[in-house]
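For our numbering, count along the sequence shown from 1 and bump the result up by 20. Every residue gets a Cβ at the ideal spot worked out from N, C-alpha and C, and that includes glycine. The structure displayed is predicted, hence computed values, not measured ones. Read through the structure below, which is laid out as structure tokens, and then see the notes.
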Amino acid sequence: MTNEQRETIRIRTISSGFTVLAIAIFKPFGLDLTQWQAYMHLLAMFVIGFVACLVTDCILRYIFKMPSSLDNGVDYIIKRNMRFQLINTPLVALILCLYRHFVMNVSVAGNSLSWGNFFESLVIIAFCSFIIGIYWRFQFRSRYLTAELNETRQMNERLQISQSEVIKAETPVSDDITLTGTTSEAVSLNIQDLLYIETVGNYVKIYQLHDGKVRCDMLRATSKQLEDDLSAYPMIMRCHRAFLVNMRQVERIVSKPGGMLLVIKHCEDAIPVSRSNMSEIKKKLSI
Numbered sequence: 021m022t023n024e025q026r027e028t029i030r031i032r033t034i035s036s037g038f039t040v041l042a043i044a045i046f047k048p049f050g051l052d053l054t055q056w057q058a059y060m061h062l063l064a065m066f067v068i069g070f071v072a073c074l075v076t077d078c079i080l081r082y083i084f085k086m087p088s089s090l091d092n093g094v095d096y097i098i099k100r101n102m103r104f105q106l107i108n109t110p111l112v113a114l115i116l117c118l119y120r121h122f123v124m125n126v127s128v129a130g131n132s133l134s135w136g137n138f139f140e141s142l143v144i145i146a147f148c149s150f151i152i153g154i155y156w157r158f159q160f161r162s163r164y165l166t167a168e169l170n171e172t173r174q175m176n177e178r179l180q181i182s183q184s185e186v187i188k189a190e191t192p193v194s195d196d197i198t199l200t201g202t203t204s205e206a207v208s209l210n211i212q213d214l215l216y217i218e219t220v221g222n223y224v225k226i227y228q229l230h231d232g233k234v235r236c237d238m239l240r241a242t243s244k245q246l247e248d249d250l251s252a253y254p255m256i257m258r259c260h261r262a263f264l265v266n267m268r269q270v271e272r273i274v275s276k277p278g279g280m281l282l283v284i285k286h287c288e289d290a291i292p293v294s295r296s297n298m299s300e301i302k303k304k305l306s307i
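In structure tokens form, the structure reads like this:
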């Protein structure tokens, strides 16, 4: 048995034990009307919770192709935990409801299979799952932070490598371009000097390096329009609904709670990266 498997069993054992402890304290499902049978029911519920957790782990690993690993990054961990709870909570509630119907209903009335009993079981398990999720998030906070720092370090390494490489697919015919908007105004620049583009209402701010200084030009246009105009330059990427950034002008990547920032050269402006665009940035950097 590997260390990962042992840790998974330990986590699922503690989680199932916490759920059973909560049920033992509040005594739902008519457990307060039973005597020694209550201990047998609690033991059975522990087994149900533990087995359901292992089944959910298998579903995530072999069906969704999401093994439990810190190597894939913090976002992957968060996404996997969310899917785990979304699958495991109704699964445990369903099995528990069936157990109440076929086993407990014999000695305690009111445990027959029904939508009401299912939702009762679902609410109890969902509450326990929420508390357990907070507990494990606190326990693994240092791991998450370490994984996040390692991921950021890898991305910065890949950023430096990608900026020094000459990629044929990213070599357009001409580096000199002219961006036009919905009016007669236009902005001419060299694509290598473009830092980033920011959307402000009905206008866009185009930041570029001009004579060694950062210059900002405004153009009445949408970021989507400019994104289409710059589609021939793969180094120009959308990192946020309000920002397009030249990845060749990113000095470093900084992690922050719930996301990351792209620090631009020459001006030190920090551009946010939205969750929806983070995967594209990582894909670009081969993370």
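Checklist line | Residues near residue 5 in its chain [Cβ-Cβ closer than 6 Å; skip 5 each side] | finding: Beyond the ends of the chain as shown, which are 21 and 307, falls residue 5; an answer cannot be given.
Check: Under the three-state reduction of DSSP, which class applies to residue 37: helix, strand or coil?
Finding: helix
Notebook entry, point to check: Which whole-angstrom value describes the C-beta separation of residue 199 and residue 246, a residue pair presumed to lie in contact below a C-beta threshold of 8 Å?
Noted result: At roughly 6 Å, the Cβ-Cβ gap stays under 8 Å, so residue 199 and residue 246 are in contact.
Check: Would you report the Cα separation of residue 297 and residue 180, rounded to the nearest angstrom?
Finding: Approximately 20 Å, taken between the alpha carbons.
Checklist line | Proximity of residue 168 and residue 275 at Cβ, strictly below 8 Å | finding: yes
Checklist line | Ranges of the beta strand (DSSP E) found wholly within the segment 205 to 272, counting only runs of at least 3 | finding: 206 to 210, 214 to 220, 223 to 230, 233 to 240, 256 to 260 and 263 to 266
Note to self: Quick check on the burial criterion: 16 or more other C-beta atoms within 10 angstroms. Buried or exposed for residue 35?
What the structure shows: Result: buried.
Next item on the list: Determine the extent of the beta strand (DSSP E) in which residue 21 is found, giving its start and end residues.
Entry: Residue 21 -> no beta strand (DSSP E), and no H or E assigned at all.
Checklist line | Distance, residue 110 Cα to residue 262 Cα | finding: 38 Å
Checklist line | Where residue 86 falls: helix, strand or coil (DSSP) | finding: coil
Notebook entry, point to check: Between which two residues does the alpha helix (DSSP H) containing residue 172 stretch?
Noted result: 161 to 184
Note to self: Buried or exposed, going by whether 16 or more other CB atoms sit within 10 Å of the CB of residue 386?
What the structure shows: Residue 386 lies beyond the residue range present for the chain, which begins at 21 and ends at 307; the question has no answer from this structure.
Check: How is residue 293 classed by DSSP in three states: helix, strand or coil?
Finding: strand
Check: In or out: residue 136 buried (at least 16 other Cβ within 10 Å) or exposed?
Finding: exposed
Notebook entry, point to check: How would you call residue 192, buried or exposed, if buried means at least 16 neighbouring beta carbons within 10 angstroms?
Noted result: Because residue 192 sits at a pLDDT of 47, beneath the cut-off of 50, its placement in the model cannot be relied upon, and the following sentence gives the value as read from the coordinates. Looking at its Cβ environment, which holds fewer than 16 other Cβ atoms inside 10 Å, residue 192 is exposed.
Note to self: I'd like the span of the alpha helix (DSSP H) that includes residue 77, first residue to last.
What the structure shows: Its alpha helix (DSSP H) spans residues 57 to 78.
Next item on the list: Determine the direct distance from the alpha carbon of residue 236 to that of residue 287, and round the result to whole angstroms.
Entry: 11 Å
Checklist line | At least 3 beta-carbon pairs within less than 8 Å: the segment 40 to 48 vs the segment 120 to 130 | finding: No, the segment 40 to 48 does not touch the segment 120 to 130.
Next item on the list: Ignore the nearest five residues each way along the sequence and tell me which others in residue 53's own chain have a CB closer than 7 Å to its CB.
Entry: 128
Next item on the list: Alpha carbon to alpha carbon, how far is residue 290 from residue 269? Give it in angstroms, no decimals.
Entry: 12 Å
Note to self: With the cut-off set at 8 Å, would you say residue 151 and residue 112 are in Cβ contact?
What the structure shows: Going by beta carbons, residue 151 and residue 112 fall outside the 8 Å limit.
Notebook entry, point to check: Does DSSP put residue 136 in a helix, in a strand, or in coil?
Noted result: Correct three-state label for residue 136: helix.
Note to self: Between which two residues does the beta strand (DSSP E) holding residue 200 run?
What the structure shows: 196 to 200
Notebook entry, point to check: What three-state label does DSSP hand residue 281 in the structure shown?
Noted result: strand
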